[in-house]
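S.K.: Numbered according to the UniProt record's numbering, the sequence shown spans residues 1 to 65. Quick one: this structure, given as structure tokens, is what I'll be asking you about.
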Amino acid sequence: MGQKVFKACKNCRALTNSDDAKCPVCGGQSFSDDWEGMIIIVDEESEIAKLMGVQKPWKYAINLK
Ligand SMILES: [Zn+2]
């Protein structure tokens with residue numbers, strides 16, 4: 001329960017509501033329910049955003065299986 005209301009985009013790891021058809025970040029349509037950890041990026045210029053390789057402020061899964 002809890003965080004698993006989200007699914008993770010297999011392309012960019014963005015978390016989105018489980019009933020969304022498309023990834024709001026990259027538009028991808030392939031998702032995984034098997035993910036761990038959540039990180040919220042508020043600044044795409046931050047070191048953590050660069051480390052994660054994300055280009056848009058959003059919430060992301062840390063690990064995707
Ligand atoms: Zn995506």
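We put the beta carbon where it would ideally sit given N, CA and C, even for glycine.
1) Which of the three DSSP states, helix, strand or coil, is assigned to Ala21?
2) Put Lys50 into one of helix, strand or coil per three-state DSSP.
3) Just how far apart, CA to CA, sit Trp58 and Leu64?
4) What residue does the beta strand (DSSP E) around Ile63 start on, and which one ends it?
5) Whose C-beta lies closer than 6 angstroms to the C-beta of Ile39 among residues of the same chain, with five residues either side of it excluded?
M.R.: By the coordinates alone:
1) The DSSP-derived three-state label of Ala21 is coil.
2) Reduced to three states, the DSSP call for Lys50 is helix.
3) Distance between Trp58 and Leu64, taken at the CA atoms: about 16 angstroms.
4) Sequence inspection shows Asn at residue 63; the Ile mentioned does not correspond to that position. Element bounds for Asn63: 58-64.
5) Within the same chain, Tyr60, Ile62 come within 6 angstroms of Ile39 by CB-CB distance, once the 5 residues on both sides are set aside.
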